[in-house]
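Novice:
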Amino acid sequence: MKKLPIVFRRIFLLLLITGLAACAGKDKQEKTPDHLTGQLRQEILKTVTDPERASQAASLAESLKQIFAESDKQYKTDFETFQSINANFDTTDAELQAFFDRINSQAKNRQARVLAIHEEMRTLLTAEEWKQLNDAREDALKVDLKLL
């Protein structure tokens, strides 16, 4: 009866060692926005056969990254501003409404910029190129959105 717990301990120890060995594997490069934008640029240059169109598409991908990075910075600033406004008991509804109007205006502006880039990418790439680049774009976008 005592042998059973010893067997479980050994199995647990074996699994623990195996798990630690797996975690100590090769160094993996962290997926940062800059790294993924570089990967996306390489995918674009590899997939799009025309160098001029490839360069334009890579530039548009960089523009999208910039929009998301700016959005992250603006969000942090807006959050601090909101906390300041909200902490002030004497803040009027008009002041609060002006704050929200400004935020909404900035969001609509960003949305318009993203939609314009999306449309420009669609006219620049073929349907086959678009399909091939979709996975690389998704990975880059996921990392960029984590910034938000």
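Its first residue numbered 188, the sequence shown is counted upward by one per residue in this note's numbering.
The C-beta atom is built at its ideal place from N, Cα and C for all residues, glycine as well.
1) With ALA256 and ARG228 assumed to form a contact (beta carbons below 8 Å), what rounded beta-carbon distance in angstroms separates them?
2) What residue does the alpha helix (DSSP H) around PHE255 start on, and which one ends it?
3) State the Cα-Cα distance for the pair LEU247 and ASP288, rounded to the nearest angstrom.
4) Between which two residues does the alpha helix (DSSP H) carrying ASP280 extend?
5) Between GLU239, PRO238, GLN293, which has its C-alpha nearest GLN261's C-alpha?
6) Taking 8 Å as the threshold, find out whether the region 315-323 comes into contact with the region 258-278 through three or more Cβ pairs.
7) Roughly how many angstroms separate the alpha carbons of PHE276 and LYS329, rounded to a whole number?
Specialist: By the coordinates alone:
1) Counting from 1 along the sequence shown, the entry for residue 256 is found at position 69. Counting from 1 along the sequence shown, the entry for residue 228 is found at position 41. Rounded, the Cβ-Cβ distance is 16 Å, inconsistent with contact.
2) Along the sequence shown, read from residue 1 onward, the residue named residue 255 stands at position 68. PHE255 -> alpha helix (DSSP H) spans 238-274.
3) The residue given as residue 247 occupies position 60 in the sequence shown. The residue given as residue 288 occupies position 101 in the sequence shown. The alpha-carbon separation between LEU247 and ASP288 amounts to approximately 28 Å.
4) By 1-based counting over the sequence shown, the position of residue 280 is 93. Residues 280-311.
5) By 1-based counting over the sequence shown, the position of residue 261 is 74. Across the set GLU239, PRO238, GLN293, the C-alpha of GLN293 shows the shortest separation from the C-alpha of GLN261.
6) By the Cβ criterion, the region 315-323 is not in contact with the region 258-278, since fewer than three pairs of Cβ atoms, one from each stretch, lie closer than 8 Å.
7) One-based indexing of the sequence shown puts residue 276 at position 89. One-based indexing of the sequence shown puts residue 329 at position 142. Distance from the CA of PHE276 to the CA of LYS329, rounded to the nearest whole angstrom, comes to 39 Å.
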